[in-house]
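Residue numbers (the UniProt record's numbering), protein chains in the order written: chain A, 1 to 175; chain B, 1 to 175.
Cβ coordinates follow ideal geometry from the N, Cα and C atoms, glycine included.
There are 2 protein chains.
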Amino acid sequence: MHFNLKESIEILERTPKALEHYLSGLSEAWLLGNEGEGTWNVTEVVEHLIQAEKHNWIPRMEMILQEGEGKPFPPFDRFSHLQQVHKQTIKQQLFEFNSIRAENIDTLQKLIDSEVYLEKTGSHPEFGTVKLRELLSAWVVHDLTHTAQIVRVMAERYRTDVGPWMEYLGILKKK
Amino acid sequence: MHFNLKESIEILERTPKALEHYLSGLSEAWLLGNEGEGTWNVTEVVEHLIQAEKHNWIPRMEMILQEGEGKPFPPFDRFSHLQQVHKQTIKQQLFEFNSIRAENIDTLQKLIDSEVYLEKTGSHPEFGTVKLRELLSAWVVHDLTHTAQIVRVMAERYRTDVGPWMEYLGILKKK
Numbered sequence: 001m002h003f004n005l006k007e008s009i010e011i012l013e014r015t016p017k018a019l020e021h022y023l024s025g026l027s028e029a030w031l032l033g034n035e036g037e038g039t040w041n042v043t044e045v046v047e048h049l050i051q052a053e054k055h056n057w058i059p060r061m062e063m064i065l066q067e068g069e070g071k072p073f074p075p076f077d078r079f080s081h082l083q084q085v086h087k088q089t090i091k092q093q094l095f096e097f098n099s100i101r102a103e104n105i106d107t108l109q110k111l112i113d114s115e116v117y118l119e120k121t122g123s124h125p126e127f128g129t130v131k132l133r134e135l136l137s138a139w140v141v142h143d144l145t146h147t148a149q150i151v152r153v154m155a156e157r158y159r160t161d162v163g164p165w166m167e168y169l170g171i172l173k174k175k
Numbered sequence: 001m002h003f004n005l006k007e008s009i010e011i012l013e014r015t016p017k018a019l020e021h022y023l024s025g026l027s028e029a030w031l032l033g034n035e036g037e038g039t040w041n042v043t044e045v046v047e048h049l050i051q052a053e054k055h056n057w058i059p060r061m062e063m064i065l066q067e068g069e070g071k072p073f074p075p076f077d078r079f080s081h082l083q084q085v086h087k088q089t090i091k092q093q094l095f096e097f098n099s100i101r102a103e104n105i106d107t108l109q110k111l112i113d114s115e116v117y118l119e120k121t122g123s124h125p126e127f128g129t130v131k132l133r134e135l136l137s138a139w140v141v142h143d144l145t146h147t148a149q150i151v152r153v154m155a156e157r158y159r160t161d162v163g164p165w166m167e168y169l170g171i172l173k174k175k
């Protein structure tokens, strides 16, 4: 086990900033391509990250602290962002992700002022008993998995363009 | 085929900046962990990116333009960074990657002032005939594949910490 609150916050505070520097000003071709039917493009991934900030991590953390295992978390709809009617520009999305993440880190730091809280448990609708430290670890790795997805979706666009270099470019290997 | 010089440069100029915002100031625990025996940690990946800027992309582009298929590219040692004696801090590495990338984009823009050049060919020591547009596409996807590797290596650290969330975190799926 490696979880450490300070080190986790290092990742949580960097993800939206790094994505802002990576994605702002990119041509639509990079932002709107996907990996085929039913897969997400880059803007959809960022929208999903925003939805998770609003409805997943902090509300669940608060439920663990307030309710313990007494009441299961409401399910988080991982596809809710696909129903959005008002589409934002990538710049607006990244601004929103940065703002809400900063607020959420602030809430996290206020609520978890002692390591003792990390062992508190809640009830996940599918997994059953989960610990706060697992929820927070998943929040960090969720950032990393979707950052990897963003670059993988962009790489897909040049799949045939790289010609024989395909062999050395692991990101293009079919799963 | 989707290759476009302007759009490729968008990625090439953003990678070192995004990595700077992502990795600067991170705890050593994130920078020095790897995925097991014989795999690279984050600082080794950044060092490999620097080596490729020095010895791979631009020298090969120049060989295509100057020699065509007359002379094969010298092989690029993909493990040369592991022999480095003077280790730099991550901050120094990222500064070097940003500087050399900026120079290389400048060289690229000076040398490729017409789409015509993209069809020029060279001789790869393993692949045989390759086109300049394939080399440039591979340069872009090389950035993306190593960015994905960096976040995957960091995610590895929390493999067991996420508990049952493992199921939803694709980055932790064993290849």
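Who are the near neighbours of B:E156 in its chain, counting only those whose CB is closer than 6 Å to its CB and skipping five residues on each side?
-> E35
Alpha carbon to alpha carbon, what distance is there between B:L65 and A:L49?
-> 44 Å
Starting from the Cα of B:V162, find the closest Cα among A:E96, A:L132, A:Q93, A:I112 and give me that residue.
-> Cα-wise, what sits closest to B:V162 is A:L132.
DSSP state of B:V151 mapped onto helix, strand, coil = helix
C-beta atoms of B:I100 and B:K54 nearer than 8 Å = yes
Between the C-alpha atoms of B:R152 and A:N4, what's the straight-line distance to the nearest angstrom?
-> 18 Å
Nearest candidate by alpha-carbon position, reference B:N56, set B:M166, B:P125, B:K6 = B:P125
Beta-bridge partners of A:P72, as assigned by DSSP = A:S123
Following the continuous alpha helix (DSSP H) through A:T43, name the residue where it begins and the one where it ends.
-> 42-55
Helix, strand or coil: how does DSSP classify A:G25 here?
-> The answer is coil: DSSP assigns A:G25 none of H, G, I, E or B.
Can you tell me which of the three DSSP states A:G128 falls into?
-> strand
Between the Cα of A:L23 and the Cα atoms of A:N41, A:L12, A:W139, which residue gives the shortest distance?
-> A:N41
8 Å Cβ cutoff, B:I105 in contact with chain A = no
Who are the neighbours of A:E37 on chain B, taking C-beta pairs under 8 Å?
-> Here the premise fails: no neighbours, minimum Cβ distance about 18 Å.
Reduced DSSP secondary structure (H/G/I, E/B, other) of A:F95 | Looking at A:F95 - three-state DSSP - the assignment turns out to be helix.
Reduced DSSP category for A:M1 - H, G, I as helix; E, B as strand; rest coil | coil
Short-range partners of chain A found in the stretch 11-30 of chain B, where Cβ spacing is below 9 Å = Within the stretch 11-30 of chain B, the qualifying residues are I11, R14, T15, K17, A18, L19, E20, H21, Y22, L23, S24, G25, L26, S27, A29, W30.
Option nearest B:K120 by Cα separation, candidates B:P164, B:M63, B:L26 = B:M63
Check whether the Cβ of B:L171 lies closer than 8 Å to any Cβ atom in chain A.
-> As written in the sequence, residue 171 of chain B is Ile, which differs from the Leu given in the question. At a cut-off of 8 Å between beta carbons, B:I171 contacts chain A.
Per DSSP, what kind of secondary structure is A:L144 in: helix, strand or coil?
-> helix
Could you tell me the distance, in whole angstroms, from the CA atom of A:K17 to the CA atom of B:K17?
-> 11 Å
Starting from the Cα of A:T39, find the closest Cα among A:L169, A:Y168, A:M154, A:P164 and give me that residue.
-> A:M154
Of all Cβ atoms in chain A, is any one closer than 8 Å to the Cβ of B:D113?
-> no
Smallest Cα separation from B:G122: which of B:T145, B:L136, B:K173?
-> B:L136
Cβ neighbour criterion (16 or more within 10 Å) applied to B:F79 | Residue environment: B:F79 is assigned as exposed (fewer than 16 neighbouring CB atoms within 10 Å of its CB, all protein chains considered).
Just confirm the distance between the C-beta atoms of A:I171 and B:L144, as a whole number of angstroms; I'd bet it's less than 8 Å.
-> Between A:I171 and B:L144 the beta-carbon gap is near 6 Å, inside 8 Å, which marks them as a contact.
For the candidate residues A:M61, A:H81, A:L82, A:N98, whose alpha-carbon lies nearest to that of A:T107?
-> A:M61
Interface residues of chain B facing A:G163 [CB-CB closer than 7 Å] | V130, K131, E134
Test item: CB-CB of A:W165 and B:A138 under 8 Å = Result yes, Cβ atoms of A:W165 and B:A138 sit closer than 8 Å.
Whole-angstrom Cβ separation of B:V130 and B:L12, contact assumed at under 8 Å?
-> With a Cβ gap of about 19 Å, B:V130 and B:L12 do not count as contacting.
What does B:T89 reach in chain A if we use C-beta pairs closer than 8 Å?
-> Within chain A, no residue has its beta carbon less than 8 Å from that of B:T89; the closest one is some 16 Å off.
Leaving aside the five residues before and after A:V45 along the sequence, list all residues of the same chain whose C-beta is less than 8 Å from its C-beta, in chain order.
-> Around A:V45, the same chain offers H146, Q149, I150, V153 as residues with beta carbons nearer than 8 Å, after the five sequence neighbours per side are excluded.
Beta-carbon proximity of A:E20 to A:L94, cut-off 8 Å | yes
Check whether B:H2 and A:Y168 have beta carbons under 8 Å apart = no
Looking at C-alpha atoms only, which residue of A:T43, A:E96, A:E37, A:E67 is the closest neighbour of A:E28?
-> A check of alpha carbon separations from A:E28 across A:T43, A:E96, A:E37, A:E67 identifies A:T43 as the nearest.
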